[in-house]
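Take a look at the structure below.
Protein chains in written order, with my numbering: chain D, 1 to 368; chain E, 1001 to 1303; chain H, 2001 to 2250.
And the structure:
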């Protein structure tokens, strides 16, 4: 226990004295939150949309005004050609074309069923999904507005219900996931560097001849970084709350608990990497490749896992971020409790155990 | 029984035999030097003793314990100073000492008395708060040695502690080692400098993973076969060539003069006529004692 | 052999903030001399060599190398000197030949002159056996000869060698010195630093530097007699110890 204290204490000093790792710890999470939260925002605005109006009535023109009046849609420079609305999509001048068949006004007044046409450029699926969601929201709002107040429920409803993220803000969905990515990356990166550094300076040779066990070395190294990683988590969350106004519905304690398990898993990955490489540079590269890519791609942060080919779906099961993304979104946005998250939590715990065991086993006490 | 023993040790890296059937033994309280150039295999031998390398065959034992299987029990009595500077450059002198004290369980009052002692012999106290990276070469060596001595080991293993260090710092470093020997510490040290053999109790010449010779500093130069003369004449290429033409003679420039090596069983009178014919005055040939390097080279060439 | 000076230094200093790395040294080295530039670690040897090679500007004083001014003619100096440091500047993944070609090109030599010079050096330095192998796989002694080859490519008149034989086996070291002697005989000035005192005895003249100052210059044998020392190591240690004792008193 005493030896652990000395090992951890020394590690803290390294962190405080190395401007590079301090920068990784403080600047990188903030930068990433900004980058992912703002620049790579999934909120699509000003989508170019062309309109072909065969109805040509005050009502149809009003509907068009509703579209262009919203922040989501803008009018393209070119107008769609009658009889060939697809051309404007092919030339990429617009992402979608709204087609109002004649009879729209009449249907509205008679409250009969009517369907509007929408051609969407599916090559950009984010935009396509946004067009569908936004337009149905606009149409239903328009339909409601047109009805006299005294009349009860209208005959035509286009039902679009947005759960959990009522503002349709992707940042609400995104930032909690970001916490998962950042924690994974920072933790793995830092631990992998710290052991590789000891190999580079030759101090590992000296450590290995001292009466400390590999487990002591590993724990002594991990402990300071657990604190550091959690601090980073808090940093990003505070950021999320202030800048992106992401709600936090659930329990802080529960998040902290799962956070600990998750961070331990991430740190084990770092240790594992550093056992296999010799230099800080290689450690850094390997840690980035091994954590960032799978965590972003296979965690469900951006891409839905169920739409992936079976091989990738299988792979996703061993990506710790997959479970933690679900957990943190659940806790922050839905206020999910322990029961709901139990399965994901257990999976994470098991993964952590396996990773730690491999890391401890692979930790080489020989230098050749 | 010897405190340290290495028997038939072999280790290869790919096709290269780093250590080839190497054996030696060191008694309690001895300073034993492994002497040889880079790549001779010294580091591999030392790392095997420190449990850092698994040999392909052979056994290394310290205090009757196998260095591969029982290394955990050896750790408390062993102090090791690796070849590369093995301290934390971003920590201060004190912090490095505290850390190594901590992991060896030297804390509290024990630690304070030990540090005072180590400061006394290393003269590092004025630099206690300086970061290790800002120390001069000689001071770094002393700090590394202090860290290795923190837990009062009975055996000290040093891998080229004086390489690249100037002669004065080297001398001071050896004075510390001699002081430790007086306290009963057994020391195994590797070095590329022949002159350091003189300060050890016994030394062993290592080359290409093999033991060339072993003995006391007094006995080792005696292994040289043949004789050596100093010829006080201008060492031009022509003169050297003329000397090398003489049978059983090898000439080498040395500063402003020439060293003349005679093969064994050949004496100066034997070749006097030939030398005179070549234009040399044998009266100007002064016999000198071959040094350790002459001896090492002869052994190297024979092997 | 011409007797014009290869290196002259007059009251040369280099300070780093308040630290006087080199503190007003003066020295003259004649063409064709093998000059041993000795000193303790941190005495200022490397700083001096860097100034002489035009890599570092002096704080004050003057100096010439091959007749060129170290302040104004750094480019000319670089063309007339060869430099080899303790850390061999060879690319480990390239073969000896490739390294030589690369540096030849860097010195502005054309393909055919690189090829003929490489052949010449290979013969001279006995590089044939390993010139086509990646330098990483070579023993230190061989790499060191290659590095010497690189520094000789452009036929420099002055050779600066910073601890060239560190860690090399004695046979290689003797071979190396034989080559240096031959070069000196051809008029090349050899300016070398070393921690091997036996090697320093091979030099025609040596200087001993301590805390930025040159404390002694002369022929090794002469100096040993003058200070009544047993050998050069003894001399070195006594000189520096004496200095430090004097400092402590002052």
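Glycine residues also receive a C-beta, built at the ideal position from the N, C-alpha and C atoms.
If you run the structure through DSSP and keep just helix, strand and coil, what is residue i?
i, result
"residue 1147/E", "helix"
"residue 26/D", "helix"
"residue 2012/H", "strand"
"residue 2199/H", "helix"
"residue 153/D", "Any reading at residue 153/D must be qualified, since the residue scores a pLDDT of 36, below 50, and its modelled position is unreliable; the value itself is stated next. If DSSP states are grouped into helix, strand and coil, residue 153/D belongs with coil."
"residue 1006/E", "strand"
"residue 166/D", "Because the pLDDT at residue 166/D is just 44, under 50, the model does not fix this residue reliably, and the point stays unresolved."
"residue 2109/H", "coil"
"residue 221/D", "helix"
"residue 2161/H", "strand"
"residue 14/D", "helix"
"residue 2131/H", "coil"
"residue 2004/H", "coil"
"residue 172/D", "helix"
"residue 1044/E", "helix"
"residue 2056/H", "coil"
"residue 158/D", "In this predicted model, residue 158/D has a pLDDT of only 35, less than 50, meaning its place in the structure is not dependable enough to derive any value."
"residue 349/D", "helix"
"residue 2089/H", "coil"
"residue 2210/H", "strand"
"residue 8/D", "helix"
"residue 32/D", "helix"
Note the first and the last residue of the continuous beta strand (DSSP E) segment covering residue i.
i, result
"residue 1016/E", "1016–1026"
"residue 2095/H", "Where residue 2095/H is concerned, there is no enclosing beta strand (DSSP E), given that its DSSP letter is neither H nor E."
"residue 1061/E", "1057–1062"
"residue 1287/E", "1285–1288"
"residue 1190/E", "1186–1191"
"residue 2025/H", "2019–2030"
"residue 1162/E", "Residue 1162/E -> no beta strand (DSSP E), and no H or E assigned at all."
"residue 1033/E", "1031–1035"
"residue 1204/E", "1202–1207"
"residue 2039/H", "2034–2039"
Could you give the first and the last residue of the continuous alpha helix (DSSP H) run that contains residue i?
i, result
"residue 112/D", "Run containing residue 112/D: none; DSSP gives neither H nor E here."
"residue 2136/H", "Element bounds for residue 2136/H: n/a, residue is neither H nor E."
"residue 1231/E", "No alpha helix (DSSP H) holds residue 1231/E; the beta strand (DSSP E) holding it covers 1227–1231."
"residue 321/D", "320–329"
"residue 288/D", "280–297"
"residue 267/D", "252–276"
"residue 1119/E", "1108–1122"
"residue 1100/E", "1093–1103"
"residue 1299/E", "1292–1302"
"residue 2181/H", "2170–2185"
Under the assumption that residue i contacts residue j (Cβ atoms under 8 Å), give the Cβ distance between them as a whole number of angstroms.
i, j, result
"residue 1100/E", "residue 1150/E", "5 Å"
"residue 72/D", "residue 47/D", "6 Å"
"residue 2066/H", "residue 2006/H", "6 Å"
"residue 2127/H", "residue 2149/H", "6 Å"
"residue 99/D", "residue 117/D", "3 Å"
"residue 2196/H", "residue 2165/H", "7 Å"
"residue 1218/E", "residue 1279/E", "With a Cβ gap of about 38 Å, residue 1218/E and residue 1279/E do not count as contacting."
"residue 210/D", "residue 1104/E", "6 Å"
"residue 1027/E", "residue 1002/E", "6 Å"
"residue 2184/H", "residue 2032/H", "5 Å"
"residue 2008/H", "residue 2054/H", "About 15 Å; that fails the 8 Å criterion."
Since residue i meets chain C, which of its residues come closer than 7 Å, beta carbon to beta carbon?
i, result
"residue 205/D", "Looking at the structure shown, chain C is missing, and the protein chains on hand are D, E and H."
State yes or no: is the C-beta of residue i nearer than 7 Å to some heavy atom of the ligand ADP?
i, result
"residue 1276/E", "This structure lacks the ligand ADP; in fact it carries no ligand of any kind."
Please give the ranges of any beta strand (DSSP E) in the region 53–122 of chain D, keeping only runs that are unbroken, at least 3 residues long and fully inside the region. 96–100 and 117–120, all fully within the region 53–122 of chain D.
Are there three or more Cβ pairs, one per stretch, closer than 8 Å when the region 1148–1167 of chain E is compared with the region 1075–1084 of chain E? The way I'd put it, the region 1148–1167 of chain E does touch the region 1075–1084 of chain E; three or more beta-carbon pairs between them come closer than 8 Å.
Alpha helix (DSSP H) runs contained entirely in the region 1233–1277 of chain E, provided each spans 4 or more residues: Listed in chain order, the alpha helix (DSSP H) elements of length 4 or more contained wholly in the region 1233–1277 of chain E are 1237–1245 and 1268–1277.
Tell me whether the region 1208–1228 of chain E and the region 1036–1046 of chain E touch, counting them as touching only if at least three CB pairs, one residue from each stretch, are closer than 8 Å. Under the Cβ criterion (8 Å, minimum of three pairs), the region 1208–1228 of chain E counts as touching the region 1036–1046 of chain E.
Are the region 183–199 of chain D and the region 291–304 of chain D touching by the rule of at least three beta carbon pairs closer than 8 Å? Taking 8 Å as the limit for Cβ pairs, the verdict is that the region 291–304 of chain D does touch the region 183–199 of chain D.
Report the residue ranges of all alpha helix (DSSP H) runs contained in full by the region 175–218 of chain D; include only those spanning at least 4 residues, in chain order. Taking only runs of at least 4 residues, the alpha helix (DSSP H) segments lying wholly in the region 175–218 of chain D are 203–209.
With contact counted as at least three CB pairs below 8 Å, one residue from each stretch, are the region 1231–1239 of chain E and the region 1261–1272 of chain E in contact? Taking one beta carbon from each stretch, the region 1231–1239 of chain E and the region 1261–1272 of chain E have fewer than 3 pairs nearer than 8 Å; the two do not touch.
Taking three-plus beta-carbon pairs below 8 Å as touching, is the region 1013–1029 of chain E in contact with the region 346–362 of chain D? Result no; under three Cβ-Cβ pairs closer than 8 Å.
Are the region 2117–2134 of chain H and the region 2016–2024 of chain H in contact at 8 Å, needing three or more beta carbon pairs? Short answer: they don't touch.
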